[in-house]
Amino acid sequence: MKFALSEEQQSLAEALDEIIESAGGTKVARTWAEGNTAPGAALWSQLAELGLFGLSVAEDDGGMGGTAVDLAVAFERLGYHAVPGPYIESAALLPELVDSAVRSGILDGTVVATAAVPGLVPYALDAAAASRCFVVGPDSLAQASAGPGTASVDRTRTLSELTAVGQETALDPAAVEQAIDRATLACSAMLLGAGERLLEEAVSYAKIREQFGRAIGEYQALKHQLADVRIALTFARPLIYGAALDLGSPDGARSISAAKVASGDAAALAARVALQVHGAIGYTEEHDLGLWITRVRALLGAWGTPRHHRSRIAAVLLTPAR
Amino acid sequence: MNLELSDEQQAFAAEARAWLAANVPSAPLPSMDTEAGFAAHREWEAKLAEGRWSAVAWPEEFGGRSAGLVEWVLFEEEYYRSGAPTRVAQNGISLLAPILFEHGTDDQRNRYLSAMTDGSLIWAQAWSEPGAGSDLASIRSTARRDDERGGWLLSGQKTWSSRAVWADRGFGLFRSDPAAQRHRGLTYFLFPMDAPGLTVRPIAQLDGSTGFAELFFEDVFVPDSDVLGAPGDGWRVAMSTAGNERGLSLRAPGRFCAAADRLIDLWNTHQQEDPFAQDAVVDAWIKAEAYRLYTWGTVSTLQDGGDIGAEGSVNKVFWSELDIALHETALDLLGPAAELRGTPGMADGRWMDDYLFSISGPIYAGTNEIQRNIIAERLLGLPRGGDGRRVS
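If you're matching them up, the sequences are chains A and B in order. Under numbering that gives the first Met the number 0, the first sequence has 35 at position 36, and the numbering climbs by one with no breaks. Under numbering that gives the first Met the number 0, the second sequence has 120 at position 121, and the numbering climbs by one with no breaks.
As structure tokens, this is what we get:
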């Protein structure tokens, strides 16, 4: 029994922070949103070098042989820095589903892969920036071509419908389900990271912004809202780690869904409160806050809506309504 | 990171489960805030002591099992799952005992700890005063030195004193240095509830029971041997209880997991087509699960030598709000029948009783507003003041 991150996991988080910050931090997301994907692609290669895409891939398959907890730790940092690109697809969903040639390309960063999962994830993220597109069916995988891109509320995200081309590869339905759960876990961790960053930004601002001759952070009306964000994030975090431990077990589905619901709720609260604390400046394009506010809104509906995940828990725990 | 239990830990949980299955009364005891119910709960404490389950984490010499933190949480999970009675000895075991272990004398530990575990000494807390609620440091009840008899004379008034109507002894803070301000000059006293000069006036609660009382002190003598910690050091000594009450010890995760399980059972007999009703049941389960996992995180932190600190405030707001949401969901499912209480054969009457208790959660053990201030100032580092609070 030890429900805490190891020193290695903390070092992994620090290593990611260093790489992303020296690549420019949120500037990467901003240039990506403007259509210049070069800094994002450079960061992608650096993170591949660190081993991000093979983090939870077995060593025999060329990966790092890490755990789903490692993956959650890494994706929290990606959310914290609002890193753009199809990381969930390449690092969490696809490595266990694609053939070994594609997998080794994903692992070394030369293949940028994205995917759609009809019924759950109807649009593929950043197909134009990806070298491979896949449609993941309940028991199959097919290469796909992408339709025209549509803008998302999150300006770093461009979404496309995919059309399967060529032959389907049959897959074990259990393997597909687990891959989707792993992607959902990564998305939950990203939400948590975005929520933590939103809280941090709001707290920093509340300490320096003065009104009526005082830092606005002295006022209880704001203190209590920020405290509620702290509470929501603090209790979403153990659900994410618990889900990572349960991934692939009989309790996996309900634990993953609980993590997605709780991290989504917490991040959404963080977004609203962070905006309220900042006031009008937070509503500007110029301010970074919007990167996380729009990212959170986009991820809330991605990898299963809150209703989808609550229903999935209900299906396991509750007798169906008569 | 793992949640795996050792063979010994699993065996411990199994032993607790078996003992509870064999010994928990089949019918619920009457409320402990009635005379008969208090006596029945006291008997249950004696029964627990026979099995050495009263305070599993305490050393054997005081009636415990020297169990680790993990075992303690496992026991609490089993305890709530079994539907065992509420602990009438809770004030003593959860609030006072940790302070006795940390600040008490050997003599105090020997006199009080074992007697706490077998129900022979039930303790009442005496923190609040009519003018000192959330602003606890504005305590005005006094302690005057009585050198002749070697002790102190307590005077003043305490209120919202839980378990005081039928308890044997009490503990609380009194101002021993009238010149000192706020947190300074307070002393922590232990006193018998039948002491000459102490009058206990029960306060009826909104649910009709008498869970707390007012205490009137008129020169109540307390010997030096019943001062806990150093005179004048009472605030620092007492704050270790506040942390315990808010954090781990009062609200073990088992309580919410067991309530969420009962809510799921209730849903299965009272399903509704409304997907929002179903979502509310699911959310209660998610939050109970979050609380369970969070507690294992806290256990890991403590085992690594860390402490709870202001995190206890995060915990307190979360469990008290979860408790209310969970019970409101149950009452919604019960519909018009929810208001019925104590009707023979109406097993669901318990949901209303527990709901009424749940809505006191955001008030006791430090209001949730105070907790949010603590979170904002000590965890987030926001500046103090700006709202009329005196800084000391």
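We put the beta carbon where it would ideally sit given N, CA and C, even for glycine.
Please report the distance separating the alpha-carbon of residue i from that of residue j.
| i | j | result |
| --- | --- | --- |
| Ala-15 of chain B | Ala-45 of chain B | 16 angstroms |
| Glu-327 of chain B | Gly-39 of chain A | 48 angstroms |
| Ile-230 of chain A | Pro-94 of chain A | 34 angstroms |
| Gln-270 of chain B | Leu-332 of chain B | 7 angstroms |
| Leu-197 of chain B | Ala-66 of chain B | 38 angstroms |
| Thr-66 of chain A | Leu-11 of chain A | 13 angstroms |
| Ala-289 of chain B | Ala-283 of chain B | 10 angstroms |
| His-80 of chain A | Gly-130 of chain B | 49 angstroms |
| Glu-197 of chain A | Arg-143 of chain B | Residue identity differs from the one stated: residue 197 of chain A is Leu in this sequence, not Glu. If you take the alpha carbons of Leu-197 of chain A and Arg-143 of chain B, they lie about 53 angstroms apart. |
| Ala-173 of chain A | Val-97 of chain A | 15 angstroms |
| Ser-139 of chain A | Val-175 of chain A | 8 angstroms |
| Phe-173 of chain B | Val-226 of chain B | 11 angstroms |
| Gly-31 of chain A | Leu-42 of chain A | Reading off the sequence shown, one finds Trp at residue 31 of chain A, where the question assumed Gly. Taking the straight line joining both Cα atoms gives about 11 angstroms. |
| Ser-151 of chain A | Glu-7 of chain A | 36 angstroms |
| Tyr-204 of chain A | His-223 of chain A | 15 angstroms |
| Ser-187 of chain A | Asp-264 of chain A | 10 angstroms |
| Ala-17 of chain B | Gly-62 of chain B | 20 angstroms |
How far does the alpha helix (DSSP H) with residue i in it reach, from first residue to last?
| i | result |
| --- | --- |
| Asp-218 of chain B | Element bounds for Asp-218 of chain B: not the alpha helix (DSSP H) but the beta strand (DSSP E), 211-222. |
| Arg-311 of chain A | 305-316 |
| Val-68 of chain A | 67-79 |
| Asp-16 of chain A | 6-21 |
| Gln-322 of chain A | Lying outside 0 to 321, the shown extent of chain A, residue 322 of chain A is not represented and no answer is given. |
| Ser-319 of chain B | 310-333 |
| Thr-293 of chain A | 288-300 |
| Asp-6 of chain B | 6-22 |
For the beta strand (DSSP E) that contains residue i, what are its first and last residues?
| i | result |
| --- | --- |
| Arg-131 of chain A | 131-136 |
| Leu-152 of chain B | 150-161 |
| Tyr-218 of chain A | Unbroken run through Tyr-218 of chain A: none, as it is neither H nor E. |
| Glu-199 of chain A | Where Glu-199 of chain A is concerned, there is no enclosing beta strand (DSSP E), although the alpha helix (DSSP H) it sits in stretches over 172-207. |
| Phe-188 of chain B | 185-191 |
| Val-199 of chain B | 197-202 |
List the DSSP bridge partners of residue i.
| i | result |
| --- | --- |
| Trp-122 of chain B | B:Arg-168 |
| Lys-1 of chain A | B:Asn-1 |
| Glu-128 of chain B | B:Ala-131 |
| Asp-145 of chain B | B:Gly-150 |
| Gln-142 of chain A | A:Phe-133 |
| Gln-210 of chain A | A:Arg-213 |
| Asp-232 of chain B | B:Leu-185 |
Grouping DSSP H, G and I as helix and E and B as strand, with all else coil, what is residue i?
| i | result |
| --- | --- |
| Gly-241 of chain A | helix |
| Gly-253 of chain B | helix |
| Arg-245 of chain B | Any answer about Arg-245 of chain B is weak, because its pLDDT of 47 lies below 50 and its placement is not dependable; what the coordinates show is given next. Here Arg-245 of chain B sits in helix by DSSP. |
| Pro-382 of chain B | coil |
| Glu-272 of chain B | coil |
| Arg-253 of chain A | helix |
| Val-298 of chain B | helix |
| Leu-158 of chain A | strand |
| Val-152 of chain A | coil |
| Ala-123 of chain A | strand |
| Phe-37 of chain B | helix |
| Val-27 of chain A | helix |
| Gly-34 of chain A | coil |
| Arg-174 of chain B | strand |
| Glu-167 of chain A | strand |
| Val-226 of chain B | strand |
| Met-31 of chain B | coil |
| Ala-128 of chain A | helix |
| Gln-392 of chain B | Because chain B is modelled from 0 through 391, residue 392 of chain B falls outside the range shown and cannot be assessed. |
| Asp-278 of chain B | helix |
| Ile-307 of chain B | coil |
| Glu-284 of chain A | coil |
| Arg-340 of chain B | coil |
Looking at residue i and the ligand MG, is the gap between the Cβ and the nearest heavy atom below 7 angstroms?
| i | result |
| --- | --- |
| Ser-239 of chain B | The model on display carries no ligand, and the ligand MG is accordingly not part of it. |
* Please go through the stretch 47-111 of chain B and give each complete alpha helix (DSSP H) segment of 4 or more residues, from N-terminal end onward. => 68-80, 96-102
* Only counting runs of 3 or more residues, tell me where the beta strand (DSSP E) segments fall wholly within the stretch 86-118 of chain A, in order along the chain. => 112-115
* Asked: Curious, which full-length alpha helix (DSSP H) runs of at least 4 residues does the stretch 347-378 of chain B contain?
  -> 348-357, 367-373
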